[in-house]
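Novice: Following this message is one structure expressed as structure tokens.
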Amino acid sequence: MITRDDAFKLLKQYNKEPFHIQHALTVEEVMKWFANKLNYGDEAEYWGIVGLLHDIDFELYPEEHCIKAPELLKDAGVDDDIIHAVCSHGYGITVGCGETIDVEPTREMEKVLFAVDELTGLIGAAALMRPSKSAKDMELKSLKKKYKSKGFAAGCSREVIERGADQLGWELNQLLDMTLQAMAECEDTINAKLEIA
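Numbering (the numbering used here), first residue to last: 809 to 1005.
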């Protein structure tokens, strides 16, 4: 399996925008948090690497998101398991080139990635609106208010988030609460990694 250091180098080969690096690091830590919470602690590093690489093709190939990824990952010797997981977070979504991603998330790890990807963006945007600029002091009711506001973080698809909760068999509130908790608890680690990124 690709090491975390090699995965990060690979990410930076195709992603230069600080926003995209931050999103990758955020999803990495949130995935590791979920692995530990859901009794996959021995796979936490693996879940994290999938999170780190999930948008590998988005910056350079936004119109072919999840379509270009297999080629970039295969060229770097990344195994098929990770490639499937990366592509599955686009399941059912029609990308700019008109193709609909048909790689279905089957493992729990893939379903978590599908569910939290958009949601981490929404929580991150909500945190920036707070005086503290942090998720640490954000309450679930505050997040739910932002979530229900259609104009807030409009690029974060509520439909995808809700489909993600359904695939996991969770209530939406459970997904919102756990992901908020994950982001609050991982915030310092993410910020530390950003400083050396």
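Ideal placement from N, C-alpha and C gives every residue a C-beta, glycine not left out.
1) Quick check on DSSP: helix, strand or coil for T811?
2) State the Cα-Cα distance for the pair F866 and L881, rounded to the nearest angstrom.
3) With respect to the alpha helix (DSSP H) encompassing R938, which residues constitute its N-terminal and C-terminal limits?
4) Out of E912, V924, L860 and R971, which one is the CA nearest neighbour of Q821?
5) Considering only C-alpha positions, which residue in the set A1000, Y899, C994 and I1004 is nearest to V835?
6) Using a Cβ-Cβ cut-off of 7 Å (strictly less than) and excluding sequence neighbours within five positions of D887, which residues of its own chain qualify?
7) Going by the beta-carbon positions, is the gap between L868 and A1005 smaller than 8 Å?
8) As an exercise, report each continuous alpha helix (DSSP H) stretch of at least 4 residues that is fully enclosed by the region 860-885, in chain order.
9) Apart from the five residues just before and just after I857, which ones in its own chain have a Cβ nearer than 7 Å to its Cβ?
Specialist: Let's see:
1) coil
2) 13 Å
3) Where R938 is concerned, there is no enclosing alpha helix (DSSP H), given that its DSSP letter is neither H nor E.
4) For Q821, the closest of E912, V924, L860 and R971 by C-alpha to C-alpha distance is L860.
5) When C-alpha distances from V835 are compared across A1000, Y899, C994 and I1004, the shortest belongs to C994.
6) M809
7) no
8) 877-883
9) I810, R812, A815 and I890
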